[in-house]
Amino acid sequence: MSEHRILLIENPASLSVDLGRLRIRRDGFEDSFVLPKDIAVLCLHHHTIQISVQALRGLAEASASVLVTDEIHHPCAWFLPQVGNGDLVRRLRQQMALDSTETKAKLWQALVQARLNTQAVNLRVLNRKGALRLERLAQEVQPADKTKCEGQGAKHYWAYLFEAEFSREKQGAEDAINARLNFGYAVLRAMVARSLVLAGLNPALGLGHCSMENPFNLADDFIEPYRFVVERHVAKNHIGEFNSQARKEMLGFVTQEIKLNGAGYRLPAAINESVASFVRILDGRAKQLNLPEDMLIQADDEESWA
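In structure tokens form, the structure reads like this:
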């Protein structure tokens with residue numbers, strides 16, 4: 040699958056289709072065009088944006104997702120493609136068969152370990168203290184994370200990541216750091232959910248996240264080892280108001296390079312590979328998830344890109 044872009048629109052606009060292209064019309068500007076197949080996530084960030092059904096259909100057929108935000112920049116709706124994947128029923132049965140199995144417990148263990156290890160990597164790269172504790176916690180994670188190492192790690196991590204006193208807030212936060220984190224996580228979540236749907240997986244059937252009210256439990260599972268990308272970006276770029284320019288700069292994390300099993304991938308491709316590794320496990324063709332180790336591959340490593 041080719042790499043795709045995150046397209047952010049946050050001014051009054053009208054979106055329609057012209058000769059197979061998505062046309063973006065704004066008063067006082069020339070029309071701009073983009074091919075739907077080049078879009079991974081379309082972020083609609085203004086209350087007067089209009090989009091035609093034909094444009095939504097074209098985006099869905101191109102496997103793009105649409106993210107709508109509210110007046111305080113928080114996501115309030117998603118539009119995910121319903122692809123014609125012939126494996127939907129088989130994948131659903133495979134996912135359901137995982138419930139209460141040792142394999143499911145070990146998969147969540149691997150995701151938590153990756154989350155803790157990438158948190159430790161962030162602290163080391165950013166010259167913060169506390170990385171060793173996270174590395175030790177990663178080694179102590181049991182199947183299904185029975186001893187709650189993930190929660191212990193989160194409390195420790197947030198205490199060291201940002202140099203100023205910081206309190207993590209998931210809902211309604213408007214401070215510079217939490218606003219950026221929540222926006223970045225929302226875009227990342229949309230990317231993961233899109234990848235899961237394209238693979239024929241049901242995003243509601245999670246491995247560690249199992250809320251009956253959450254239709255994206257599995258997406259929240261696979262976000263965990265990738266959150267560090269957003270967090271490192273915010274740690275380096277969190278000064279000032281979270282305005283239009285800041286939101287555009289925030290999307291820069293999508294272009295980061297990720298290492299999985301020694302090979303280099305752009306972020307969208309890395310997510311696709313992690314999801315594909317889960318599918319291989321469901322099919323009995325693999326035993327381990329392919330999860331991120333670090334990011335920012337050096338120039339002399341470029342020959343290993345996938």
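Residue 40 is where the sequence shown starts when you use the numbering used here, and the numbers rise one by one after that. For each residue, glycine too, the CB sits at the ideal point set by N, CA and C. Owing to the predicted nature of the structure, the values given are computational and were not obtained by experimental measurement.
Nearest-angstrom Cα distance between A159 and A183?
-> Looking up residue 159 in the sequence shown gives position 120. Looking up residue 183 in the sequence shown gives position 144. Here the alpha carbons of A183 and A159 stand approximately 21 angstroms from one another.
Pick helix, strand or coil for P307, following the three-state DSSP scheme.
-> Position 268 of the sequence shown holds residue 307. Under the three-state reduction of DSSP output, P307 falls in the helix class.
With a threshold of 16 other CB atoms inside 10 Å of the CB of M40, please say whether the residue is buried or exposed.
-> What you label residue 40 is simply residue 1 of the sequence shown in a count that begins at 1. Residue confidence is low: M40 scores 40 on pLDDT, short of 50, so the model does not pin down where it sits. Its coordinate-derived value is still stated next. So M40 counts as exposed.
Sequence ranges, beta strand (DSSP E) only - wholly within the stretch 241-317, length at least 3 = Listed in chain order, the beta strand (DSSP E) runs fully inside the stretch 241-317 are 296-299, 302-305, counting runs of at least 3 residues.
For D57, which option in I90, C82, N50 has the closest C-alpha, if you only look at C-alpha atoms?
-> By 1-based counting over the sequence shown, the position of residue 57 is 18. Ranking I90, C82, N50 by Cα distance to D57 puts I90 first.
Residue from R130, L81, I45 whose Cα sits closest to the Cα of G239 = Numbered from its first residue, the sequence shown carries residue 239 at position 200. Nearest C-alpha to G239: R130.
Report the rounded CA-to-CA distance for G67 versus T87, giving the unit in angstroms.
-> Stepping through the sequence shown from its first residue, residue 67 is reached at position 28. Stepping through the sequence shown from its first residue, residue 87 is reached at position 48. The alpha-carbon atoms of G67 and T87 are separated by roughly 16 angstroms.
Are at least three pairs of beta-carbons, each pair with one atom in the stretch 177-193 and one in the stretch 143-157, less than 8 angstroms apart?
-> Segments in contact, yes.
If we ignore side chains and look at the alpha-carbon of each, how far apart do A325 and V318 end up?
-> Start at 1 with the first residue of the sequence shown, and residue 325 comes out as number 286. Start at 1 with the first residue of the sequence shown, and residue 318 comes out as number 279. C-alpha separation (whole angstroms): 9 angstroms.
Would you decide whether Q115 is buried or exposed? Buried here means 16 or more other CB atoms lie within 10 Å of its CB.
-> Taking the first residue of the sequence shown as 1, we reach residue 115 at position 76. Looking at the sequence provided, one finds Cys at residue 115 rather than Gln. The C-beta of C115 has fewer than 16 other C-beta atoms within 10 Å across all chains shown, which makes the residue exposed.
Are there three or more Cβ pairs, one per stretch, closer than 8 angstroms when the stretch 191-200 is compared with the stretch 219-230?
-> In short, these stretches do not touch, since the Cβ pair count stays below three.
Can you tell me the Cα-Cα spacing of Q133 and A215, whole angstroms?
-> Here residue 133 refers to the residue found at position 94 of the sequence shown. Here residue 215 refers to the residue found at position 176 of the sequence shown. Those two C-alpha atoms are separated by around 42 angstroms.
Indicate the three-state DSSP secondary structure (helix, strand or coil) for P37 in the structure shown.
-> Residue 37 lies beyond the residue range present for the chain, which begins at 40 and ends at 345; the question has no answer from this structure.
Measure the CB-CB distance between A94 and Q327 and report whether it falls below 8 angstroms.
-> Position 55 of the sequence shown, counted from the start, is the residue given in the question as residue 94. Position 288 of the sequence shown, counted from the start, is the residue given in the question as residue 327. Contact: no.
Determine the closest residue to T294 out of G211, A308, N282, with distance taken between C-alpha atoms.
-> Here residue 294 refers to the residue found at position 255 when the sequence shown is read from its first residue. Out of G211, A308, N282, the CA that lies nearest to the CA of T294 is found in A308.
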